[in-house]
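Visitor: Can you read through this structure? Questions will come right after.
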Amino acid sequence: MDPRIIELYNEELLHLRTEAAEFAREYPDRAARLALDDKRVEDPYVERLLEGVAYLAARVRLKLEAQYPLFTQQLVEVLFPGWLAPTPSCAVLRFEPDPADADLANGVVLPRGTGVRGSLRGSSDIRCDFQTGRALQLLPLRLADAQYIAARPEAVPELRLAERPASSLRIELELMGDADLSTLPMDALPLFVTSSDAWGSQLMELLGGRCVGVGLSTEPAMRSVKRWLPASQVRHMGFEEDEALLRNPVRGHTGFRILKEYAALPDKFRFVELSGLRQALAGFRGRKLYLHLLFSGSFNKLESAVKAESLALFCVPAVNLRERQLDRVDLEPGMTEFPLYGDRMRPKDYEIIEVLDVVGGGAGTERRFSPLHETISGGKLSQQSHYTLRRQRRLLTQSESAGRSVTYPGTDVFMALSEPASPPYGKDLRYVSVRALCSNRDMPLFLRAQFSEARYDPLDALPVSRIECLAGPSLPLSSPVDGFDPWMALSHLFVNHLSLFDGHQQGGAAALRAMLGLYATVPGHFLGRQSEGLLNVAAHPITRRIPGGGPLAFGRGVAVKLSMSDRAFDGGSPFLLAAVLENYLAAHVSINSFVETHVEMIDRAEQLKWPTRFGRRPTF
């Protein structure tokens, strides 16, 4: 039962007693027939009558108040598609290549969406399906060693740096089997920072924000470097559309997706990629390759913390999602709304995240239903058959209510059909078939709780000896409609670059902190503490040259300065959150404009600057 019913009941009962007392004062002779006076109700039957009316009135009020969130849900779904959907569990998986597989030498590419099933040894009840968030190339390669040196390395004339680097990182890669550098089909190499503590965040800041060049050699000494790659060949991964864990609808916003993924699994953004290796390795021979990464900053304590296990190869983010054909819904006369089930026999094992396709049929014909507010063409709806969705918190069973606390109850999804030509829908419609993306609710948490018994197997034959989970599975995040004021979602409408020009820095920081708070949908979420590290935000207009062919052209943009503190990150680096905010701001920039983001680390008196980000969003 909704916990709000008791509050509404007490309000209605107080109102009835107050009205009864006023009635007794105004009409004492008639009130005497009901044993009413201006202080109390003497007759217990009349008291029960008032309590019964109060209960019915409370139910009516609860039903009326429930209509406001429904209206808001539909409005938010139109403006920000997918924002109200719950966020499934996410993880970072490492694929260990099988050196005995002959195809490995050619560089086997696992496409985005590769399926992996997580289970517990000796248990047939736990089955969780994951799909990878980006493509991954497997190579006969292993990371043998890693060493961080806080001292300044030798000057590198080839890179034409303004000043000498402050520190360096040497990574030793070793080929497996009969592979050789001369035949290695490697053009890009992703690296994953395995540690999520303070040292891991500092290493991520060096790799993702302070790398000034990469040297390649077949010997450990830096003076033996044969090729140098510029800093532009080192890319912080996880922000592009082809690296997204969550589907971004056509009308969706990339910035909101990035914030949602960061709230679900910040480890997803602890990747960097070295590119341009195929051309750089031309002429290399041997079985060992040394990468010498140079940094403009330094963290002395990392010298004893960085080792081979601090980095990992062949890792990829994955999300607990899989496409399913839901149980068919047989329609009955008068049915205006019906629940959707991933599996009617096991309803708690599946949660519907996104509806992909809806087909209704009857009398030998079928027709497709589209979302009510999906597209409008020529001032009219594109189709005449539509559906709307409603999410509500899943009601706990009696055993769940009496037993342990449920970590993640999840939501139930209800669908309503609409055909204006013959409301509510055609009389010939007999059934509805729905295809959707589903998660396993909180089932992946069993894999995390029993880590030693968890196993991950590919759904297809792959040249891997094993798959292990290096981060997660994370706690699924409930939908904002679950115990959350839906009107807060409309705060997205007020967050744009103008809110950063409010005249004082604390106001701009408060706007971004409020935005981050929209994604912390569970108590004690880490975003609540990390957002406290965003102290000030300053912005001012600037002018830069717009790249492109033709005559010189200049455009107006915004320079944004974020002042952040390390203390809110347990003594680590705020780089990951700063990078997320930088991409969030860049996603708002329209074409022919730009944004430049600077981060000031006030505890270290250091600054970090991202390159100018020109807008890619068209104005129409």
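For the sequence shown, the numbering used here gives the first residue as 4, with consecutive numbering after it.
For glycine and all other residues, C-beta sits at the position ideal for the given N, C-alpha and C.
If you're wondering where the values come from, they're calculated on a predicted model, not measured in any experiment.
1) Within the same chain, show all residues whose beta-carbon is closer than 7 Å to that of residue 365, passing over the 5 residues directly before and after it, in chain order.
2) I think residue 661 touches residue 566, with their Cβ atoms under 8 Å apart; what is that distance to the nearest whole Å?
3) Tell me whether residue 266 is buried or exposed, calling it buried when 16 or more other Cβ atoms sit within 10 Å of its Cβ.
4) Would you mind sorting residue 501 into buried or exposed? The rule is 16 or more other CB atoms within 10 Å of its CB.
5) Assign residue 303 to one of three DSSP states: helix, strand, or coil.
6) Would you mind listing the alpha helix (DSSP H) stretches within the stretch 422-470 that are 4+ residues and don't spill past its ends, in chain order?
7) Residue 425: which of 355, 195, 591, 387 sits nearest, CA to CA?
8) Note down, in chain order, each residue of its chain lying with its Cβ closer than 8 Å to the Cβ of residue 245, except the 5 sequence neighbours on either side.
9) Taking just the CA atoms, how far does residue 573 sit from residue 532?
10) Whole beta strand (DSSP E) runs in the stretch 117-202 with 3 or more residues, listed along the chain?
11) Do residue 587 and residue 258 have their beta-carbon atoms positioned less than 7 Å apart in this structure?
12) For the candidate residues 126, 536, 279, 422, whose alpha-carbon lies nearest to that of residue 578?
13) Just the Cα atoms here: how many angstroms apart are residue 411 and residue 168?
14) Look up residue 587 in the DSSP assignment and give the residues it is bridged to.
15) With DSSP collapsed to three states, give me the class of residue 291.
16) Let me check one thing: in DSSP terms, what residues is residue 539 bridge-paired to?
17) So, with DSSP's three-state summary, where would you put residue 83?
18) So, do the stretch 590-606 and the stretch 552-559 have three or more beta carbon pairs nearer to each other than 8 Å?
19) Would you tell me roughly how many angstroms separate the C-alpha atoms of residue 374 and residue 249, rounded to the nearest one?
20) Measuring CB atoms only, is the stretch 55-74 touching the stretch 342-357, in the sense that at least three cross pairs come out at less than 8 Å?
21) Could you give the residue range of the beta strand (DSSP E) that holds residue 216?
22) Can you tell me whether residue 615 is helix, strand or coil according to DSSP?
23) Out of 19, 74, 221, which one is the CA nearest neighbour of residue 393?
24) Using a Cβ distance threshold of 8 Å, determine whether the stretch 283-301 contacts the stretch 92-112, with at least three qualifying pairs required.
25) Is it true that the stretch 308-317 meets the stretch 92-105, where meeting means three or more beta-carbon pairs spaced less than 8 Å apart?
26) Given 8 Å as the limit, is there contact between the stretch 285-302 and the stretch 214-221, that is, 3 or more CB pairs closer than that?
27) At the level of alpha carbons, what is the spacing between residue 309 and residue 209?
28) Can you tell which of 15, 95, 38 has the C-alpha that lies nearest to the C-alpha of residue 54?
29) Quick check on the DSSP output: the alpha helix (DSSP H) that includes residue 18 runs from which residue to which?
30) Can you give me the C-alpha to C-alpha distance between residue 376 and residue 395, rounded to a whole angstrom?
31) Is it buried or exposed for residue 76, if we count other Cβ within 10 angstroms and need 16 for buried?
32) Mapping the DSSP letters down to three states, classify residue 286 as helix, strand or coil.
33) Hey, could you find the ends of the beta strand (DSSP E) residue 372 is sitting in?
34) Can you grab the Cα-Cα spacing for the pair residue 80 / residue 427, in whole Å?
35) Could you pull the start and end residues of the beta strand (DSSP E) that residue 264 belongs to?
36) Return yes when the Cβ of residue 150 is within less than 7 Å of the Cβ of residue 302, no when it is not.
Guide: Short version:
1) 431, 432, 433, 434
2) Here the chain covers residues 4 to 623 and nothing more, so residue 661 does not appear.
3) buried
4) The predicted position of residue 501 is uncertain, since its pLDDT is 49 and thus under 50; a value taken from the coordinates is nonetheless stated next. Per the 10 Å Cβ criterion, exposed.
5) coil
6) 447-452
7) 387
8) 115, 137, 138
9) 10 Å
10) 118-123, 130-135, 139-141, 144-152, 170-178, 192-196
11) yes
12) 536
13) 48 Å
14) Bridge partners of residue 587: none, in fact.
15) strand
16) 566
17) coil
18) yes
19) 19 Å
20) no
21) 214-220
22) coil
23) 74
24) no
25) yes
26) yes
27) 12 Å
28) 15
29) 7-29
30) 20 Å
31) buried
32) coil
33) 368-374
34) 22 Å
35) No beta strand (DSSP E) holds residue 264; the alpha helix (DSSP H) holding it covers 257-267.
36) no
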